[in-house]
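Residue numbers (the numbering used here), protein chains in the order written: chain A, -16 to 491; chain B, 32 to 162.
Beta carbons are placed, not taken as given, at the ideal position from N, Cα and C, and that holds for glycine.
Please read all numbers here as calculations on a predicted model, not as lab measurements.
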């Protein structure tokens, strides 16, 4: 069939449909039956669809809601604004759309709410495109295996639990163990290393003051220009907390679908599940385990499945996700943690004990894993990471035995000493991400034994001195190493010479 | 016996009314509502019945204006509704409500045409709040 006839057919069909439309200006309307706790029950509107936006006419303007419970006689809709304005008897209309948010580069550097409205005091956001809040994840054929690294700048992660672009890696741990700090460092690293990855940070039910501090920090680090923050505070209605990660993902998907790379940080999904539980119970859906509704798994799986590495045909963009989950007393077998662990491609488990021992980031080597990142690790880091994770977990086990003070054989002693040095080396200050060459040279200096005579307490100082010398003396080699390729013999030699020379000043 | 939905009740009553058996069905419905203690739902059920009757071609509605409508305008509105809904009969009640300020609002079961000044003001108010 030729192009012309298809156009004609399309026009004929459109005309035929227009003639059959009998509703004219008569809008379909419903009535609010009762309202409370952020939920309105509406009768009428037989053509309302799931997740469709409803407009309730109140005395102070139109309040929007979205339909979540479609029942025979009534609709349960969750309000997107204050419920105090909505009263029984008010007229409800269909907006004719499902929820969508503005997407595009115009959002970069801005702080918005889940409906895409600016909350940073800046001008209103005008974008060319809108993105659907709920969207089906890309299928298998549209994807490609994760193969490019997403450097976090945190050597413990990049070396032992590498993250690839398009991966979903969970950050899990108790309160105050540095979960958000890891995520923020990763965002900062994207700016420092000029990776071009766009950061989308979703704050779910977090204090406005915390968001303000984060924005300030990101501005100081020069990363805000490539960051979008979608913020909700505890004072916002549960519906907004529920929508926040989906809306933010829509904003991230814009970059993924335009051959760019984006990083999503969901901080945190525990609060998201709690907001959804609140909504579900108010919608009178039956409660299940821990009073969560039956579809709480689907809540997170449909969200995280949208993070993907796209195939070359679709532009090879990617959306990486770092969801955060807060555990209670280190219990990772609770309902929401197990769900999200099973959805993601690995987890970084942060331990309170390690945190208070001063091992920060407090990453547990035994419980953390990255299931797909290995394929994405850069050659430079891969060449030094072999056996590191195993060695570190064995050390932590042995170290607890060594506390009893019994006689230890030489092999165990040396393993413990190496472990202590490695632990010291992997400590890293916040807002201080490391580049590939820095990580490679640091790890090599301990695993190859160049720092064997350095006292564990002096390891960090020795590391800093070595890195400064390396950069001063072998800038060209280090720039080459930073590109991620496997280090050449020449580079390895220069690291060895510099590390051995530096170590002499820190013996003890 | 499982609780009948309002939709099921309204469909049955509307069918009976269209068939012309109004006395019997009124008694039946009254008895059912008393028996199942659902008399509170009466106004909702009546609305639903209106809706199904309008689907069957008998539209009843309300025209709200700020001042009295002329017979001519009322006829024009009736004609408009007939055209839009394909109804056989249209029965309109008039309501004078100064709060609409101007224009006209036509409410028929499940649908509404709101061309009043008060609605335009509400839309305007919302738009300015958003910006």
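### Integer Cβ distance of residue 125 of chain B from residue 100 of chain B, believed to fall under 8 Å
6 Å
### Task
Would you kindly report the start and end of the unbroken beta strand (DSSP E) that includes residue 27 of chain A?
22 to 27
### Chain-ordered neighbours of residue 15 of chain B on chain A, where CB pairs are closer than 8 Å
This structure gives no information on residue 15 of chain B, because the portion of chain B shown stretches from 32 to 162.
### Query
Which same chain residues, not among the five before or five after residue 343 of chain A, have their C-beta less than 7 Å away from its C-beta?
161, 410
### Task
Please name the residue in A/263, A/200, A/192, A/92 whose C-alpha comes closest to that of residue 211 of chain A.
A/92
#### Entry: Cutoff 9 Å: residue 145 of chain B Cβ touching any chain A Cβ
yes
### Query
Between A/67, A/57, A/52, which lies nearest to residue 43 of chain A when the distance is taken from Cα to Cα?
A/67
### Selection from B/135, B/118, B/106, B/37 that minimises the alpha carbon distance to residue 172 of chain B
This structure cannot speak to residue 172 of chain B, because chain B is shown only from 32 to 162.
### Query
In terms of residues, what are the limits of the alpha helix (DSSP H) holding residue 398 of chain A?
393 to 409
#### Entry: Expected contact under 8 Å - CB spacing of residue 456 of chain A and residue 474 of chain A to nearest Å
At roughly 12 Å, the Cβ-Cβ gap does not stay under 8 Å, so residue 456 of chain A and residue 474 of chain A are not in contact.
### Query
Is there at least one Cβ from chain A nearer than 9 Å to residue 107 of chain B's Cβ?
no
### Task
Determine the burial state of residue 149 of chain A: buried for a count of at least 16 other Cβ atoms within 10 Å of its Cβ, exposed for fewer.
buried
### Task
Leaving aside the five residues before and after residue 318 of chain A along the sequence, list all residues of the same chain whose C-beta is less than 7 Å from its C-beta, in chain order.
272, 273, 275
### Message
Can you tell me which residues form a DSSP beta bridge with residue 225 of chain A?
### Response
Partner(s): none; residue 225 of chain A has no beta bridge.
### Query
Straight-line CA distance for residue 196 of chain A to residue 471 of chain A?
43 Å
### residue 134 of chain A beta carbon less than 9 Å from that of residue 372 of chain A
no
### Inter-residue CB distance, residue 359 of chain A and residue 147 of chain A (contact presumed, cutoff 8 Å)
3 Å
### Query
So, using beta-carbon positions, are residue 467 of chain A and residue 132 of chain A closer together than 9 Å?
yes
### Query
What residues from the region 5 to 36 of chain A come within 9 Å of chain B, judged by C-beta to C-beta, listed N to C?
5, 6, 7, 8, 9, 10, 11, 12, 13, 14, 16, 26, 27, 28, 29
### Query
Would you call the region 77 to 94 of chain A and the region 103 to 115 of chain A in contact, with 3 or more CB pairs under 8 Å?
yes
### Query
Do residue 79 of chain B and residue 41 of chain B have their C-beta atoms within less than 9 Å of each other?
yes
### Query
Just curious, the alpha helix (DSSP H) that residue 479 of chain A is in, first and last residue?
472 to 487
### Task
Please state whether DSSP places residue 177 of chain A in a helix, a strand or coil.
coil
### Query
Assuming residue 445 of chain A and residue 486 of chain A make a contact with CB atoms under 8 Å, what is their CB distance in whole Å?
6 Å
### Query
Is residue 40 of chain A close to chain C, meaning its C-beta is less than 9 Å from at least one C-beta of that chain?
Structure shown: chain C not included; protein chains present are A and B.
### Task
Compute the Euclidean distance between the alpha carbons of residue 215 of chain A and residue 268 of chain A, then round it to the nearest angstrom.
24 Å
### Task
Just grab the DSSP bridge partners of residue 304 of chain A for me.
A/151, A/247
### Query
Just checking my contact of residue 259 of chain A with residue 282 of chain A at CB under 8 Å: how many whole Å lie between their CB atoms?
5 Å
### Message
For a contact defined as C-beta to C-beta under 7 Å, what are the partners of residue 153 of chain B on chain A?
### Response
40, 44, 45
### Message
Using beta carbons (cut-off 9 Å, strictly below), is residue 139 of chain B in contact with chain A?
### Response
yes
### Query
For residue 5 of chain A, which residues of its own chain have a beta-carbon under 8 Å away from its beta-carbon, when the five flanking residues on both sides are left out?
Reliability fails at residue 5 of chain A, whose pLDDT of 49 lies under 50, so the model's placement of it is uncertain and no value is given.
#### Entry: Under 9 Å between C-beta atoms of residue 48 of chain A and residue 75 of chain A
yes
### Query
When you check each C-beta in the region 51 to 62 of chain A against every C-beta of chain B, which residues fall closer than 7 Å?
55, 56
### Task
Could you tell me whether the region 386 to 397 of chain A touches the region 411 to 430 of chain A, where touching means 3 or more Cβ pairs closer than 8 Å?
no
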